[in-house]
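No gaps in the numbering here: position 82 of the sequence shown is 378 in our numbering, and each next residue is one more.
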Amino acid sequence: MRRTPPPVSGLHLMAPTRRGSRFTSGRNWNRRMKLTDHSVADSPDPVRDAAIAGLLDACFGGMHGGRTFFKQVPHRRVLAWSRGGIVGHVGMDLRAMRVSDSTMHVLGIVDLCVAPTARRQGIGAALLQAAEERAEGQSFALSMADDPRLYRRAGYSRIHAADVTFLAIDELRCHSVVRRDLSEIFMAKRLAGGAWPDGPIDLLGHLF
């Protein structure tokens, strides 16, 4: 029998145990909330993972199918907690990719989301900033978002000539290499180094 995930609205289970930090830069950020770091090297935590999966399904309409990831497990995560429960999530995909003849090291923003009951408090902005601050050595942060408002406020810009090659994954199966114009959703923010180069983009893997 499939286990029912614990609630994600901020009223359940467990206190954060991984490296935690108070984060109060957001205008309405609740001082009782806390951010914690997690990586693929962490020991399994079924309770925490069930809470992450429940949050992702609540925020993305069940697309994740009860998993803690959609295409692939992110290298790192930052979680937002309130009253012992997870109310926000961002995954970090640290990757080398190519733009024209240049190799770039980038941070891919994965599954940034906030529980419906905890929105409009600056949590999403705090999670995005936390991910960027943890992206040591990465030249750009990249996002593929249908709603660009949060990212624009955080300094992201559209890549208007986004001719992107990527590995297509569907239902946990690789099925093809796809080349597509993603200029409507592809956004970037410079973290270090020079300007974004012109030319076709090869993600050297799946979409973020």
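We treat Cβ as the ideally placed atom computed from N, Cα and C, and that holds for glycine.
| Check | Outcome |
| --- | --- |
| Where D443 falls: helix, strand or coil (DSSP) | coil |
| Three-state secondary structure (DSSP) of A427 | helix |
| At least 3 beta-carbon pairs within less than 8 Å: the region 344-360 vs the region 448-464 | no |
| Opening and closing residue of the beta strand (DSSP E) in which I465 lies | D459 to D466 |
| Span of the beta strand (DSSP E) around A392 | G381 to V395 |
| Helix, strand or coil at G404 according to DSSP, with G and I counted as helix | strand |
| Cutoff 8 Å; reference S396; Cβ partners in own chain excluding five residues on either side | P493, D494, G495 and P496 |
| Nearest-angstrom Cα separation, counted from M359 out to K485 | 27 Å |
| Of the listed residues D443, R344, R448 and G489, nearest to T364 (C-alpha basis) | R344 |
| Residue span of the beta strand (DSSP E) that contains V473, given as start and end | R469 to D477 |
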